[in-house]
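Colleague:
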Amino acid sequence: MCSTAISEPRKLAIGPICLSQLKIACIALPVTLVMAGCSTVPLKEAGTLTSYGSLGAVKGKLGKSRSFVDGPALAGVKTVSISPTSYSPGAFARVKQREDRALVANALDRAMCVALSDKYQVVPTGQPADLTVRAVVADLVPTDKTMAGVSTAVTLGSGAVLPVSIPRLPMGLGGLAVEAEALDRNGIQRAAIVWSRGANSITNNPRVSEVGDAYSLATTFGNDFSRMLVTGKDASGFQISIPSGQKMKSMLGGKPKYAACEAFGRSPGIAGMVADKFGAPPTWTDKSGKKSVTTLTARTAPSLPE
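Adding 28 to a residue's 1-based position in the sequence shown gives its number in the numbering used here.
1. Quick one: what's CYS289 bridged to in DSSP?
2. For the structure I just gave you, are there three or more beta carbon pairs, one from the region 239-253 and one from the region 133-145, closer than 8 Å?
3. Excluding the five sequence neighbours on either side, which residues of its own chain have a C-beta within less than 7 Å of the C-beta of THR322, listed in chain order?
4. For the structure I just gave you, are there three or more beta carbon pairs, one from the region 212-226 and one from the region 173-185, closer than 8 Å?
5. With the cut-off set at 9 Å, would you say SER229 and LEU201 are in Cβ contact?
6. Out of LYS283, PHE292, LYS275 and ASP304, point me to the one whose CA is closest to LYS147's CA.
7. Within 10 angstroms of its Cβ, does GLY293 collect 16 or more other Cβ (buried), or is it exposed?
8. Of the residues ALA143, ASP262, ALA101 and ALA135, which one's Cα is nearest the Cα of SER272?
9. Starting from the Cα of THR313, find the closest Cα among ALA135, ALA85 and THR171 and give me that residue.
10. Apply the 10 Å Cβ neighbour rule to VAL164 and answer buried if 16 or more other Cβ atoms are within range, or exposed otherwise.
11. Nearest CA to the CA of THR78: which residue from THR107, PRO234 and THR160?
12. Does DSSP classify ALA308 as helix, strand or coil?
13. Could you round the C-beta distance between GLY282 and LEU102 to whole angstroms and report it? I think they count as a contact, below 8 Å.
14. Just to confirm the assignment: which complete alpha helix (DSSP H) runs, minimum length 4, are found wholly within the region 133-197?
15. So VAL206 packs on ALA166, CB below 8 Å; how close in whole Å?
16. Going by Cα to Cα distance, which pick from GLU290, GLY215 and CYS66 is closest to LYS89?
17. Can we count ASP167 as close to the ligand SAH, meaning its CB is less than 8 Å from some heavy atom?
18. Looking at C-alpha atoms only, which residue of PRO284, SER145 and SER95 is the closest neighbour of THR107?
19. Do THR171 and PRO234 count as a contact pair if the criterion is CB distance below 9 Å?
20. Excluding the 5 residues flanking LEU324 on each side, which residues of the same chain have their C-beta closer than 6 Å to its C-beta?
21. Looking at C-alpha atoms only, which residue of MET301, ALA288 and ALA287 is the closest neighbour of MET279?
22. Could you pull the DSSP bridge partners for TYR243 from this structure?
23. For GLY118, which residues of its own chain have a beta-carbon under 7 Å away from its beta-carbon, when the five flanking residues on both sides are left out?
Quick look at the structure:
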């Protein structure tokens, strides 16, 4: 017969080193889980930037980027103009539907317009401004619509019978690669970035659309590049900030701070969030994909090895 000795509970002593290691583990575990179920999109230059010479080293875990920002030169900027996002010929060819191409480009422009409004006055495209921002979709990995539908069904079904929903299946994930720059009134490059990111099973909900993931990632890129221009600092790394009042209003489908942002339509708001939850194509709630998009051919030799 065995006996069990019950001792008085003791406090667990955690030294400074152990506590530091525990914090690192708590941060690293979610990142590891996300990276285990994500698609990989290599950095790709479309050759459309005025220069690639000032770009720094490759940075990032979930996504990759090379960037440059002239903080002191941005200190005196008051007005910004956004040129409509275009596509490289290769990225253009990977998306079959014109409306899908327009949705991704427009989501990117809208995200930049709203985010830049936190600090700068955004003026209509083509009007004189202290800074002109332009972006090009360098590559786009289409989402597998069939797998997105299966993932949605599995996630919603598991959520109905289990305490925790099963994450998105790590198959058929899409991705996006973008390059962008900001030029001053004299055409001098004051900021630039080459950026790529693939969707993952944790933070990107599956949407039954060829551009379901690219549409979501376009907003991510728009926010990342805008943060560089607003702060005058490198935007690489995981960053969390509380959205401003005007940004929250725009996210919910409200009127943007500056009329120039109306050119990119308003966010689908609550309806878009619900559609995203249930895997509906972005075209169901975002009606801004009516415009045509253009391709922009390379004019600068690439700095990355092929």
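Heads up, the beta-carbon is just placed ideally off N, CA and C, and yes, glycines get one too.
Modeller: Quick answer:
1. DSSP, once it has assigned bridges, lists no residue as partnering CYS289.
2. Cβ pair count under 8 Å is three or more, so yes.
3. Correct list, in chain order: SER114.
4. Counting C-beta pairs with one atom in each stretch, the region 212-226 and the region 173-185 have fewer than three that are closer than 8 Å, which means they do not touch.
5. Contact flag set, yes.
6. When the alpha-carbon of LYS147 is set against those of LYS283, PHE292, LYS275 and ASP304, the nearest one is in LYS275.
7. With 16 or more Cβ atoms within 10 Å of its Cβ, GLY293 is classed as buried.
8. Checked all of ALA143, ASP262, ALA101 and ALA135; the closest Cα to SER272 is ALA143.
9. Measuring from the Cα of THR313, the nearest candidate turns out to be ALA135.
10. Counting Cβ neighbours within 10 Å, VAL164 comes out buried, since at least 16 surround it.
11. When only C-alpha atoms are compared, the closest one is THR160.
12. Three-state DSSP puts ALA308 in coil, outside helix and strand.
13. So it is not a contact: roughly 28 Å between Cβ atoms.
14. For the region 133-197, whole alpha helix (DSSP H) runs of length 4 or above, ordered along the chain, are 173-189.
15. With 8 Å as the limit, VAL206 and ALA166 qualify as a contact, their Cβ atoms being about 6 Å apart.
16. Here the closest residue by C-alpha is CYS66.
17. With respect to the ligand SAH, the structure offers nothing, as it holds no ligand at all.
18. Of PRO284, SER145 and SER95, the smallest CA-CA separation from THR107 is found for SER145.
19. Taking C-beta atoms as the reference points, PRO234 and THR171 count as a pair closer than 9 Å.
20. Non-local C-beta neighbours of LEU324 in its own chain, meaning closer than 6 Å and more than five positions away in sequence, comprise THR76, SER114 and VAL164, ordered along the chain.
21. Shortest Cα-Cα distance from MET279 to any of MET301, ALA288 and ALA287 involves MET301.
22. For TYR243, DSSP records no beta bridge to any residue.
23. Result list for GLY118: ASP167, in chain order.
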